[in-house]
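I have placed the structure first, in the form of structure tokens, so that the comments after it can refer back to it.
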Amino acid sequence: MALTDLRPSPGAVPTSSGGPRRVPQRERRLPERHLARLALAIAGLLAALAGLHVLLEGVWWWFAGALFAIVIVSATTVARALMRSLLLPPLVGLIAGVMLVTLSFARETAILGVIPTFDTVARLQTVVDSGIASIVEQRAPATAEVGIVMLIAALTGLCAWAAEIFVASHAPAMVALPFAAVLIVPMVVRSGLTDPLWFVVAAVCFLALLHVDTRRDSRPAVALTGLIALVAALLAPGALPRVGEEASSPVGGLTAGLNPLITLGDDLRRGDPVLALTYTSTASGPVYLRLTTLGNFTGDTWGPALSDVAQAGDIAELPEPPGLGTGIPREQVDADVRVSQVRSRWLPVPYPATGIEGVSGAWYTEPDGLTIRSDGDSARGQDYTVQFLEVDPTDAQLAETVVGGTAPRQSLDLPDDVPEIIGETARTVTAGGGSAYDKALALQNYLRSEPFTYSEDAPVEEGFDGSGMDALAVFLDRKTGYCVHYASAMAVMAREVGIPSRIAVGFQPGERDVRDGRSQFVVSSNDLHAWPELYFEGIGWLRFEPTPGRGSVPSYGSVPVDDPATPEDESTATPVPTSSATPGARPQDENLGADPATPAETAASATGVGGGIALGLLVVALIPAVIRLTIRRMRYARIRSGRDPARAAWDELRDTAHDHGWTAPLSETPRGFADRLTAAVGDGAGLAALRGSVEVAAYGRPDAGAVTTDEVQAARRTIARASDLRTRLGAIFLPSSLLKRWRPDD
Amino acid sequence: MDRVPDSGEDVGIDAETSTGALPLPEFLLDSRAVMAAVETVIDGKRDVVELATTVLLAEGHLLVEDVPGVGKTMLARALARSVDCTVNRIQFTPDLLPSDITGVSVFNQADREFEFKPGPVFANIVIGDEINRASPKTQSALLESMEEHHVSVDGATYDLPRPFTVIATQNPVEMEGTYALPEAQRDRFMARISMGYPDAANEIAMLRTRQQGSPLDDLSPVVTIERLRRMILTVRDVFVSPAVEHYAVAIAAATRVDRELRLGASPRATLQLVRASKARAALDGRDFVLPDDIDALAVPVLAHRLMPAKSTGSGFGREALAEIAARIVRSTPVPLGASGPA
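Respectively, the protein sequence lines represent chains F and S. Position 111 of the first sequence, counted from 1, bears residue number 133 in the numbering used here, the numbering being contiguous throughout. Position 86 of the second sequence, counted from 1, bears residue number 923 in the numbering used here, the numbering being contiguous throughout.
Okay, structure coming up:
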């Protein structure tokens, strides 16, 4: 050990026992090392920010964040070079940040472009709202709109600001917090969706920062804390409740996804629903707007039928609805759809559509599902009119349906190893026999009735979320789930009993909203839905609604036999009481949107997210306490095992005193420190005992005495007792000794 | 720094009559008795008496510096008197010659050979009054014997009695008719203290006691010379941990690079700081040295050896140097634990 290590650094604050303290002038010069530290902190932060590329498209948001970080840190640093104050420079940085936000996002409302007014606040509020809405509505990777860019810039600026303060107060290890704040974003948005490269770059910057700032003798402590911080940053997202499921597809969801079914649960569980679309319709019943159909059941999930992917048709001439017999009663109706916040490659259209007008962009139709999709354009903002058929087969026609016959490709395929419970349940439920439609109706009624309940969260919590066979087996056992489970269950069970089936994904009819004398339907992101479509020879695809409490149950065959629209039905004579025997099997259209389950589920989901955030904040808030506790435990272990116990005990006491607002300079002898503390605390018995043991152990003959953790605890209690409650809480949760550790002048 | 208990031969201990180091409890009793005795003469100067005792037990030499009339000589004489040992007093004057201190060889007419007549330096405790009034040549005669523990006259070497302690007094160098001690010689004193004026109450008490003659006359020795030697051995036995050694070295090193100082503490200063600390520890009833001992003694042991940097002007008096030394002590981290430095 070189002698120079014992010497105080320039600007030290020396004290002696009881002697007057002379506080030399603090060095205001900013050494190169400080600038190096700042550069490393900024570099790490921007690397962490770059990790957000998994969430956002483009690069401009990164430059915005970098600009904010650099401007704020530069302003603070310049202020530090000019001022002696500790508090003013960060304030200057904050003001610079506010002015930059104003200049960038609300220039026209501000005085001279930079001085905020009340209008600026309102304007920024709007931008923030749009940013939040944009985040909520988009799936990763999202387009970085102005609101998102502002949030990114503000977050980065704030983190850089905090990092600068930590660096300037000689606590570079704490820079891990702002790093983690940025790194955590992708992990929270999507578990497992993170770019290890940028995480590693940020971590390397962090470690380099610690290395630059470390005194040689405190390296182990720094390394330990650095390790804890890194591990905490890695573990924290895992400890947080997951906001989203794993994205098995790299591009899932409504933005560009190939399979919206997978992310449907996420969309439903979203706390903050957004307006998806509005429509008016001349149809008599509720209109289900479909995005896509999934006819290919692999056993693990439902995917698009192969034919849909392969074939494409012009939307000017939509193909005939497949399988729709000429004798089936139908009515030509239309709907005006105004799409709001749906970033989908599919247009929401009813089934079966016969014509569409007013769509902009390159769209084509997939003939089997009659869905309309585009490879480059989005449904967002589209305003179009779509003609479609209200198909309403008569009871007689429905009664004639039989199992078997021709079926569209793949619509009956089942894997070999379908769990027994599915087939057994299907056969038991449909044992009543009758037509194919009767069997389908029986399946629907079975799923809609007690004890099946609707829950968006239960499958996730109990771990059987999904549409695959295994999930279905558990679902049929637990009897709770949401539309994906019900739709998938009914579709698979239908195939089990020989009825061709597929799943449609789209929106349930939404909420009726009467405005300006005309009624329109408002559909939100919470109306995302999945339902089964079953194929009956001669009739084609019919929609079913097995999900309890959602959507509306189709009322095929409810048309009276003497309905003029279905004259040919009269020849088949007697009305068949197909389903009226079962109460609830053919309910009137449910009061749309008045379903009590939906708002409640939304609220529960919002509470869950809020709780998750609160829990996350709590975890972050507890980090200092945990680090402090860990340090204490390690010291106690050293005391017990006799590895330099005096040092461990006294460091612990010094830190405890520091936590409680005392200075604990290294240049003070144990006796001087204990005397000073005793004079202030009054009762010095605990301190004196520890001081005595420490002196003997540290300076006495080898093996002359031992220090016990009990003595340390007693001394700690003495200090705590002399402090008020606030100080004691501060000592536990915000122990200032963690900052002191890297202050060479203390 | 002598961690191995020694036989005590160099302290003049007769192996037959001595039983080695005095146990700590007895040491405490005796040392307190000495201090109490000195305090009957020097009122209200507990710190000074304690420091003087510390130096005596640490086999060092003491420099008492203050204006005339505050009891410098009284302290020296009281300390010498409370121990039953040989005491000589030398009044330094400008015309004092080296041989007046060391002694001279005179020609013995009867034996027809030179015979050494020992000077006043041959005593256990030598009081050098106003040492800075003598010429440098005379001063150095005393100071050499302080370091070497023997006197060389006309090619012959004569050992001084052990223990051997010089208590020198001097007036502040700014006063008339004084020769400042060269730094090399100041370095030989273990500690420098200043008496300071007594406070009002003590001064009144002093007036009363002096009405009936000098209290020094009533002072009788409380420990024998043998006892003193054993006490010195006790001090030698005090343990100095590596942490404390590092601390003393760190303080000395800090004085050598301090911007306000031209000359820092010598290695001899470090050695004497640790020795004095051992005595202080023993006086406190401990058999090991604390950093607190170093802290308490750093200023008296180090300050008189330091020289202020030229650039800071010549206004540096004793107080300024003491303040610099105190600041260095305050700002040196205290090592803690078995492994030494923090």
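Ideal Cβ positions, reconstructed from N, Cα and C, are used throughout, including at glycine. Here the structure is a predicted model, which is why all the values come from computation and not from measurement.
Other residues of its chain near residue i: CB distance less than 6 Å, five sequence neighbours each side excluded
i	result
residue 1071(S)	858, 859, 864 and 1119
residue 998(S)	961
residue 400(F)	365
residue 892(S)	899, 1027 and 1028
Secondary structure of residue i, DSSP reduced to three states
i	result
residue 1005(S)	strand
residue 368(F)	strand
residue 1028(S)	strand
residue 1068(S)	helix
residue 119(F)	helix
residue 188(F)	helix
residue 450(F)	helix
residue 925(S)	strand
residue 959(S)	coil
residue 656(F)	helix
residue 479(F)	coil
residue 301(F)	strand
residue 541(F)	strand
residue 1063(S)	helix
residue 1095(S)	coil
residue 360(F)	strand
residue 1082(S)	helix
residue 865(S)	helix
residue 882(S)	coil
Chain F within 7 Å of residue i, Cβ atoms only
i	result
residue 921(S)	no
residue 1170(S)	yes
residue 1173(S)	yes
residue 864(S)	no
residue 1138(S)	no
residue 1081(S)	yes
residue 1167(S)	yes
Neighbour flag for residue i against chain S, beta carbons, 7 Å
i	result
residue 672(F)	yes
residue 754(F)	no
residue 676(F)	no
residue 668(F)	yes
Beta-carbon contacts of residue i that lie in its chain and below 7 Å, excluding the five residues immediately before and after
i	result
residue 477(F)	502, 503 and 504
residue 871(S)	890, 919, 920, 1059 and 1060
residue 549(F)	298, 529, 530 and 532
residue 347(F)	560 and 561
Residues near residue i in its chain [Cβ-Cβ closer than 8 Å; skip 5 each side]
i	result
residue 272(F)	In this predicted model, residue 272(F) has a pLDDT of only 31, less than 50, meaning its place in the structure is not dependable; the value taken from the coordinates is given anyway. Result list for residue 272(F): empty, nothing under 8 Å.
residue 135(F)	124, 125 and 129
residue 1168(S)	1091
residue 726(F)	718 and 719
residue 733(F)	671, 708, 711, 712 and 715
Closer than 6 Å: residue i CB and nearest the ligand GTP heavy atom
i	result
residue 414(F)	Among the components modelled here there is no ligand, and therefore nothing to report on the ligand GTP.
Counting beta carbon pairs with one atom in the stretch 1139–1147 of chain S and one in the stretch 1097–1113 of chain S, are three or more of them shorter than 8 Å? Segments in contact, yes.
Between the stretch 1108–1128 of chain S and the stretch 1062–1076 of chain S, do at least 3 Cβ pairs fall closer than 8 Å? Flag = yes, the stretch 1108–1128 of chain S and the stretch 1062–1076 of chain S touch.
Along the stretch 1121–1135 of chain S, what residues have a CB closer than 9 Å to any CB found in chain F? Answer set for the stretch 1121–1135 of chain S: 1123, 1124, 1125, 1126, 1127, 1128, 1129, 1131 and 1132.
So if I threshold CB-CB distances at 7 Å, which residues from the stretch 870–894 of chain S count as touching chain F? Cβ contacts with chain F come from no residue of the stretch 870–894 of chain S.
Which residues of the stretch 904–934 of chain S have a Cβ closer than 8 Å to any Cβ of chain F? Give them in chain order. Closer than 8 Å at the C-beta level to chain F, one finds no residue of the stretch 904–934 of chain S.
Selection of the stretch 99–117 of chain F by Cβ proximity to chain S, strictly under 8 Å: Against chain S - using a Cβ distance shorter than 8 Å - the stretch 99–117 of chain F contributes no residues.
At a Cβ cut of 7 Å, what residues of the stretch 1050–1078 of chain S count as close to chain F, listed as they run along the chain? From the stretch 1050–1078 of chain S, only 1076 and 1078 have a Cβ closer than 7 Å to chain F.
How do the stretch 646–659 of chain F and the stretch 715–724 of chain F stand: do at least 3 beta-carbon pairs fall below 8 Å, yes or no? No: fewer than three Cβ pairs fall under 8 Å.
Quick test of the definition: if touching needs 3 or more C-beta pairs under 8 Å, does the stretch 698–717 of chain F touch the stretch 731–741 of chain F? Contact holds: three or more Cβ-Cβ distances are below 8 Å.
Got a sec: which bits of the stretch 678–693 of chain F sit with their beta carbon under 9 Å from any beta carbon on chain S, in order along the chain? Taking 9 Å as the Cβ-Cβ cut-off against chain S, the residues of the stretch 678–693 of chain F that qualify are 687, 688, 689, 690, 691, 692 and 693.
If you measure beta-carbon to beta-carbon, which residues of the stretch 717–736 of chain F are closer than 7 Å to chain S? Those would be 717, 720, 721, 722 and 723, in chain order.
Between the stretch 871–887 of chain S and the stretch 922–942 of chain S, can you find at least three pairs of beta-carbon atoms closer than 8 Å? Under the Cβ criterion (8 Å, minimum of three pairs), the stretch 922–942 of chain S does not count as touching the stretch 871–887 of chain S.
When you compare the stretch 70–90 of chain F with the stretch 217–235 of chain F, are there three or more beta-carbon pairs, one atom per stretch, that lie closer than 8 Å? The stretch 70–90 of chain F makes contact with the stretch 217–235 of chain F; the number of CB pairs closer than 8 Å reaches 3 or more.
Counting Cβ pairs, one atom from each stretch, are 3 or more of them under 8 Å apart for the stretch 897–911 of chain S and the stretch 949–957 of chain S? Per the Cβ contact rule, the stretch 897–911 of chain S is not in contact with the stretch 949–957 of chain S (fewer than 3 Cβ pairs under 8 Å).
For the pair the stretch 467–483 of chain F and the stretch 422–440 of chain F, tell me if three or more CB-CB distances fall below 8 Å. No, because fewer than three Cβ pairs between the stretch 467–483 of chain F and the stretch 422–440 of chain F fall closer than 8 Å, the two stretches do not touch.
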